[in-house]
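Novice: One structure, pasted below without further comment.
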Amino acid sequence: MKKAVIILPTYNEEGSIEKLIKEIFAQEKQMKIWELHILVVDSYSKDKTAVIVRSLKKQYPHLHLLETEKEGLGKAYINGFAYAMDHINPFVIFEMDADLSHNPADLPRFLKKIEAGADFVVGSRYMKGGSIPDDWGFHRKLFSIVGNLIIRFGFMKLSITEWTNGYRAIKTWVVKEAFNHVKNYSDYVFQVAFLDYAIKHNVRIAEIPVKFVDRKWGKSKINAVQYISNILLYVFSNSSFVKYIIVGGTGFIIDSALLYTGYHFLRLTVAISKIISSETAIVSNFLLNNFWAFSHKKLEHNAKTYGSKFIVFNLVSVPSIIFQTVGIFLLTIIFGKHLFYPVVYNAIVIILVVIPYSYFVYTRFIWKDRR
Ligand SMILES: Nc1nc2c(ncn2[C@@H]2O[C@H](COP(=O)(O)OP(=O)(O)OP(=O)(O)O)[C@@H](O)[C@H]2O)c(=O)[nH]1
Ligand SMILES: [Mg+2]
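Under my numbering, think of the first position of the sequence shown as 147, with each following residue one higher.
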């Protein structure tokens, strides 16, 4: 038998905890290879949550209770992970809300995905077959949907539809590896940080659809403003795509300044000015991308790999210079020479053609995933 531990973080969940524990253990009947354990991580609830769990422990030997300070959802999970690894030694660890928003009947489907080879299974409300409650108010729907979209586009990882829902099954080795990263995030943003870590370390991720139902009992513990600002801050400081845009912006300023100087002050031709400005921007972009934007995929530390990758970087940048030179030429024919010529035309070509092209080739040929 393989052990699966379902961690239930609780703060004042006396109205739902007993029903939830019974429903989870009832799922075990239809499981052949899994032994279920439940670990309730209670942050000294002011109601009877812990009292109820303690009395149920007599009936269920695989029910565990860990009591911790109230330091946020992420911290409760971190403490729960450490306890589960030390005392229960499971093969899989589940995250699950304790307010009956997550349906225990979904547990076998998570485990099927694990059996099929996934390391990290996400319960998604936004894929086909999943849902958020119809009766959520407009604001709540908007926050949830827009929040998830910002994260998906911020990380340019469109294949993952759900980042914030805390219904997940994760193999213990992944929890162990990610522990030092996620322990820095004590709040709800912990969920985003954990999935981000898993993606960057090539963990096999799978999604299954889940229907999220509203809590019928008790109060939400979420602070919306703090939650959203923490998520935005995380995306801005950890997304390669956002950093790539900033690096590109710096390169663009260097490129424009040199192009303008070459053409207007040094009286060089547009093509020569363009080659000088582009090559300088290429060097700056290579260094910034390598040591900052894609630093988690940084190349081996030696002159040989830097040298060969720099040559590849230059080669894949040649089409960009051609796109820009030809683009400026065509736009000049159509619209003539105007203020700041040729800088504005250069900018148009960069935004429409060069940025999407470069991101595509960089992530596929230079800072590609280590697999
Ligand atoms: N141990 C512990 N559990 C917490 C803490 N904050 C939230 N939780 C639990 O985490 C789970 C999710 O929190 P919720 O308040 O339901 O957040 P939500 O599901 O996003 O929002 P609602 O469904 O509207 O309540 C629930 O089981 C909470 O009891 C905490 O600081 N410590
Ligand atoms: Mg909830």
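Backbone N, C-alpha and C define an ideal beta-carbon position, used for all residues, glycine too.
Could you give the C-beta distance for Val335 and Ile377, rounded to a whole number, given that I count them as a contact under 8 Å?
Specialist: Right, their Cβ atoms sit about 6 Å apart.
Novice: In whole angstroms, what separates the C-alpha of Leu253 from that of Leu154?
Specialist: Leu253 and Leu154: Cα-Cα distance of roughly 13 Å.
Novice: Are the Cβ atoms of Leu212 and Tyr229 separated by less than 8 Å?
Specialist: Yes, these two residues count as a Cβ contact at 8 Å.
Novice: Within the same chain, show all residues whose beta-carbon is closer than 8 Å to that of Tyr373, passing over the 5 residues directly before and after it, in chain order.
Specialist: If we look at Tyr373 and ignore the five residues flanking it on each side, its Cβ neighbours are Asp333, Tyr334 and Val335.
Novice: Gly293 lies in the alpha helix (DSSP H); which residues open and close that run?
Specialist: Gly293 -> alpha helix (DSSP H) spans Phe284 to Gly300.
Novice: Helix, strand or coil for Phe486, going by three-state DSSP, please let me know.
Specialist: Correct three-state label for Phe486: coil.
Novice: Using only the heavy atoms of ligand 1, determine whether one of them is closer than 7 Å to the beta carbon of Glu213.
Specialist: Glu213: no, Cβ never under 7 Å from ligand 1.
Novice: Taking contact to mean 3 or more Cβ pairs, one atom from each stretch, closer than 8 Å, check whether the region 300-314 and the region 268-277 are in contact.
Specialist: Yes, the region 300-314 is in contact with the region 268-277.
Novice: For Leu498, is the classification buried or exposed, using 16 other Cβ atoms within 10 angstroms of its Cβ as the cut-off for buried?
Specialist: Label assigned to Leu498: exposed.
Novice: Can you have a look at Tyr190 and say buried or exposed, based on whether 16 or more other CB atoms are within 10 angstroms of its CB?
Specialist: Looking at its Cβ environment, which holds fewer than 16 other Cβ atoms inside 10 Å, Tyr190 is exposed.
Novice: Would you kindly report the start and end of the unbroken alpha helix (DSSP H) that includes His208?
Specialist: Counting along the chain, His208 falls outside any alpha helix (DSSP H), and DSSP gives it neither H nor E.
Novice: Tell me where the alpha helix (DSSP H) around Ser504 begins and ends.
Specialist: Start and end: Ile501 to Val507.
Novice: Give the DSSP bridge partners of Pro532, in chain order.
Specialist: The question about residue 532 has no answer here: the residues shown for the chain are numbered 147 through 517.
Novice: Which residue wins for smallest C-alpha separation from Ala196, given the options Phe237, Ser162 and Lys221?
Specialist: Cα-wise, what sits closest to Ala196 is Ser162.
Novice: Does any heavy atom of ligand 1 sit closer than 7 Å to the C-beta of Ser247?
Specialist: Checking the Cβ of Ser247 against ligand 1 gives yes.
Novice: Given this structure, state the Cα-to-Cα distance separating Ala352 from Lys258, to the nearest angstrom.
Specialist: Those two C-alpha atoms are separated by around 11 Å.
Novice: Here's the rule I'm using: 16 or more other beta-carbon atoms within 10 Å means buried, otherwise exposed. How should Ser366 be labelled?
Specialist: Classification of Ser366: exposed, given that the 10 Å Cβ count is below 16.
Novice: Cα separation between Arg517 and His347?
Specialist: Interpretation of Arg517 is limited by its pLDDT of 45, a score under 50 that renders its predicted location unreliable; the figure taken from the coordinates is listed afterwards. When rounded, the distance between both Cα atoms is 9 Å.
Novice: Just grab the DSSP bridge partners of Gly269 for me.
Specialist: Answer is Ile354, bridged to Gly269.
Novice: Taking its Cβ as the centre, do 16 or more other Cβ atoms sit within 10 Å of His442, making it buried, or is it exposed?
Specialist: Exposed, because fewer than 16 other Cβ atoms sit within 10 Å of the Cβ of His442.
Novice: Consider the C-beta atom of Ser366 and the heavy atoms of ligand 2; say whether any pair is separated by less than 7 Å.
Specialist: Result yes, Cβ under 7 Å from ligand 2.
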